[in-house]
Amino acid sequence: PGWILPPLLLALLAMGHAAPCSPQPGATRFVCTEPTLSTFPRGLPSATVAISVEFTVLATLLPDALAGLLRLQELHLSSNLLTTLPEPLLRPVPTLRILDLTDNLLADLPAGIFATAHHLQHLALRGNQLQALKPTWFQPLQQLQWLDLAANALAEVPPEVFRPLRSLRNLDLSHNRLATLAPGALAGLQALEQLDLEGNQLGMLLPTTFVPVPALRLLFLQDNELLALPAGIFAPLHHLHVLDLARNRLQALELPPGSSGPVLDLDISDNPWDCECQLLEVLQRTAPRLVTARDTLCASPPRHRGREVAEVSQAGDMGC
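Under mature numbering (1 follows the signal peptide of the UniProt record, and there is no 0), read the sequence shown as residues -18 to -1, 1 to 302, first letter to last.
Given below as structure tokens:
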């Protein structure tokens, strides 16, 4: 005889085949981290202000995926399998403030993807496969304050590409493939306070590199291939209070001018420093706080090889 399943078991089986992460009527926030989700949820309430669809196998979005969500302010799509975005995607959500696309497979974006995103303040594109920056992406983003482009495959920053970003305060270009910064690469970033260039292939910087960013407070240049710093390169940075130059190939040092503000926190560890008068005079004049003094060692001259730079500097017996 055939088996007759109880009604409760039938109901549970039916629920097992339901689409994961179904929208809840009246909810203003939608969160889905279902690993099997492959299509963007439909039927979200029109009052939705925040969407988080992360850690799924979502690979594509339809052009009208956000239709009817006029109030949406946050869209979190990190850790999915997105390879491209449809150009009209953001048109229905003109008040969007936060867009997180971290850790996807994006190699490019449509030229007009942000054309209507005039209120965007926070844009995260970290951990994708972007190889080039398009000026058209940034032209509408005059209210953007935070831009994360880290861990992509960027080999250059086109001159003037960031000029429209007059409100930008934080720019992360770390862990790309930048070997130099072209003249005007940072043009227009008058409000920028933090710049992260860690983990690139920077071998040299132009003397005027930081002229466009006088408000800079934190600058990260560690884990590059810098051999030398042009004289006066940090002169425009009167507000700098964190500078990381660790793990480069520097022998001589340039520092920003001293200010009446906080003491400069300086990391110059793991460089082959030449502990002669130039280095020692710079350190004595600006009196920075060496945050990793034990790993900041002299490589030359022979009489000081292996000694801590701070120890040699404080000894004051160089006859400079």
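Cβ coordinates follow ideal geometry from the N, Cα and C atoms, glycine included.
As computed with DSSP, Leu222 is found in no beta bridge at all. Under the DSSP assignment, Arg11 falls in the beta strand (DSSP E) whose first and last residues are 11 to 14. Between Gln124 and Arg148, the gap from beta carbon to beta carbon is short of 8 Å. Secondary structure note for Leu265: its alpha helix (DSSP H) is the uninterrupted segment 259 to 268.
When only Cα atoms are considered, Asn62 and Asp46 end up about 19 Å apart.
Rounded to the nearest angstrom, the Cβ distance from Gln204 to Ala228 is 4 Å, consistent with a contact under 8 Å.
The secondary-structure analysis by DSSP pairs Arg271 across a beta bridge with Asp247.
Per DSSP, reduced to three states, the secondary structure at Phe192 is coil, with no helix or strand assignment. In the structure shown, Val31 adopts coil according to DSSP, grouped into three states. From the listed residues Ser282, Arg267, Leu136, Gln172, the smallest Cα separation to Ala161 is found for Leu136. Ranked by how close their Cα comes to the Cα of Glu180, the residues Ser156, Gln172, Gln103 have Ser156 in first place. By the beta-carbon neighbour count (other beta carbons within 10 angstroms, threshold 16), Leu54 is buried.
In this structure, Ala133 lies near Arg108, with their beta-carbon atoms less than 8 Å apart. Contact annotation, Val39 with Thr18: C-beta distance approximately 7 Å; criterion of less than 8 Å satisfied. Residue state for Glu293 is assigned as helix, using DSSP reduced to three classes.
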